[in-house]
Structure formats: structure tokens, C-alpha cells
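I have placed the structure first, in the form of C-alpha cells, so that the comments after it can refer back to it.
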Amino acid sequence: MDKKNLIPLLAMPFLFLVVEIGAILFSLPVQASGIVAFEDPTSLDNVVLFIGILLVFTGFLLVLIKYDMKKVMAAVIGLSIFFTFAYVFAALFYAVMGDSVIANIAMLVLSILATALLYKYPEWYVIDVLGVVMSIGVASIFGVSLDVWLVVILLVLLAVYDAISVYKTKHMITLAEGIIDLKTPMLFVIPKRRDYSFIREGFGKLDDGGERSAFIIGMGDLIIPSILVVSANVFLQGSRLGGIINLPALGAIIGSLAGLCVLMHFVMSGKPQAGLPPLNGGTILGFLVGLAAMPLIG
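Residue numbers for the sequence shown follow my numbering, so the first one is 294 and each next one is one higher.
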């Protein structure tokens, strides 16, 4: 492995750990706030609705890309980012202050400021820090809203969909390229050089050696596995290590990191890769191993 890629590659598992552990901790205020994505966490309809919304939103963005409606696409993504921040900050402030006027004002102000910062000063570290905030919040909200076995089903379906959309229909590559062209802050950016600037170079221009100056990874690749981590920790009873995390959730974290290692092996080939098959697969396997080990510690 090229030494210049070593630190950026080590940054990826660090991001995963921050999001997954952060999502577990943030699930406490999310539960206290009462903010959920679905009213009945055990309903299979939730999975159908999740997939349906994903397909419709993806299709809508692809239509905008096809007809070169970049301004509309940027506005849609910007609104999506704002509402995501709103839900995340609402969960935080509602847990502390309840559904009060002050909590709603604080949520609104922070959501506007965070969204504005992303678009007015989109340096890579701003994108990554606020991306971590969004990822932690979204993973927590969905994790407390879906029963663990429904999340397993969801992860399997999303892994299959991701593989089809990258390797067969290739529409996910088209979507990713459209997001990259817009310099939309919807991806994590991990620079390979100290002097790298997202504002100047976007998601990594080609250098003299024909390589991009930054790695990129989709937020969904961090959020989706983290949903299972949170759900396992919330819905499964049993002993918790340090009083915080149970074995299935810990196994899911370890499994996601193993899946990330597999993914990075293929990413280094330079070809577009579907992230969710190895990531979700590793997360599910780790979860199952942790679940099987639960009786051993009581």
C-alpha cells in the first residue's frame, strides 16, 4: 500500500467508530425526546416504506440529472440536509427542554446555521464534522424506530439494491457523479494531502499520477450499518459492557469494520464499488455472532 494512502485509509474505520458509538449514545436523548421515524417498530410496512421512499427520491434525483436541472437538484438536496439537521437537533433539545418554544427556536436556528455553513464554507473538515452529526442522528432515529430483525431484513435488501445499482443498472454511479459535479456536501471527504482543499478542488481532482487527491465515502455507507448497531442495543435485553453496549451491538460494530476492510481492498483497485454488500454483510454477521455469544455472559 502507498504510504500516502495509509493515514486516509485509517481515517475511515475511525469515522465508522465515531458514528456507531455516537449513535448508541445519542439513542438515549432520541428515546427521551419521543422522536421516531415509525410509530410501530415491529411493522414490516416500515421496511417497505423505507425502500419506497429511497427509490422515489433516487429516481427524482436521476431525472434532475438527466435534464441537467442542477439548481433544482442542489435546492432539493439542501432542503433535505436542513430537515435532517432539524430532526437531529429536535431530538437533542426535546430531550432536554421538551417540545417547547425555546427548544423549537434553538433547533431551527442551529439547523439553519449548520446548513448555511455547509454551503458557505464547504471545507472538507466542515463537511466531515457536520456529516458525522447528521449520520449519528439519522442512525439513532431509525435505530430506535425499527425492531432489530426488521433492520436485518432492511440491510439485506439495501445490500442487494446497492449491488444491482452499481454493477448492473449503474444508476447509483450516475447519481454519485451528479452529486460530485455539484460539489454537494453529501459525502465524507478524506484528503490524501495536507494542502488539500475541498473549496478549491471539490471531491478530489486528479493529480499528476492520475489519482484523486481525496477518498470519498457516502454517508449512507456509515448510516445504514449503524442502524443495526443502535437497534440491537435498544431492542435486545442482556448484559451491557460498561453498562453501555451489549454483545450483539458490539459484534455489529466489529463486523462493520471487517466489512470495511474488505471494501477497502476492492476500492484500491480504482473501480467504483458497491459499499453496502460488504458493510452490511459484515455488520449482520458480527451481530449474529454477538447474539449467539450473549448466553455465555448471561
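All residues carry an ideal CB built from backbone N, CA and C; glycine is no exception.
Rank E313, I510 and L540 by C-alpha distance to the C-alpha of M561 and give the top, closest one.
-> I510
May I ask you to list the residues that DSSP assigns as paired with I420?
-> In the DSSP output, where bridge partners are listed per residue, I420 has none listed.
Figure out for me which residue from L480, T477 and R505 has the closest Cα to the Cα of Y489.
-> R505
Where does I538 sit, in a helix, a strand or coil, going by DSSP?
-> strand
Which residues bound the alpha helix (DSSP H) around F508?
-> First-last for F508: A507 to G511, but that is the beta strand (DSSP E), not the alpha helix (DSSP H).
Kindly indicate which three-state DSSP category V437 falls into: helix, strand or coil?
-> coil
Pick from F378, N339 and P415 that is closest to M400, judged by C-alpha positions = F378
Segment contact, 8 Å Cβ cut-off, at least three pairs: the segment 547-555 with the segment 433-444 | no
Taking C-beta to C-beta, are L556 and P541 nearer than 8 Å?
-> no
Would you kindly check if the distance between the Cβ of T576 and the Cβ of L450 is under 8 Å?
-> no
What's the call for T335, buried or exposed, on a 16-neighbour Cβ count within 10 Å?
-> exposed
Under the three-state DSSP convention, the category R486 falls into = coil
Given a threshold of 16 other Cβ atoms within 10 Å of its Cβ, counted over all protein chains shown, does Q566 qualify as buried or as exposed?
-> buried
Would a C-beta distance cut-off of 8 Å place P415 and F350 closer than the cut-off?
-> no
Taking the alpha helix (DSSP H) that G495 falls in, what are its first and last residues?
-> Looking at the DSSP string, G495 is not in any alpha helix (DSSP H), and its letter there is neither H nor E.
Would you identify the three-state DSSP class for L480, choosing helix, strand or coil?
-> strand
Do you know how far the Cα of K413 is from the Cα of V444?
-> 36 Å
Counting only runs that start and end within the segment 356-436, where is the alpha helix (DSSP H) found for 4 or more residues in a row?
-> 363-390, 394-413 and 417-436
Selection from I537, F508, V527 and A330 that minimises the alpha carbon distance to L480 = F508
Please report how far the alpha carbon of F386 lies from the alpha carbon of I537, in whole angstroms.
-> 22 Å
By Cβ distance, which residues of its chain are closer than 7 Å to F331, with the 5 residues on each side in sequence left out?
-> N339, S438 and L439
What does a CB cutoff of less than 8 Å around D333 pick up in its chain, not counting 5 residues either side in sequence?
-> N339
Within this structure, are the beta carbons of V311 and V425 separated by less than 8 Å?
-> yes
Runs of alpha helix (DSSP H) lying entirely within the segment 438-462, each at least 4 residues, in chain order | 441-456
Quick one: using the 10 Å Cβ neighbour count with 16 as the cut-off for buried, is D455 buried or exposed?
-> buried
Do you know offhand how far Y418's Cα is from K359's?
-> 31 Å
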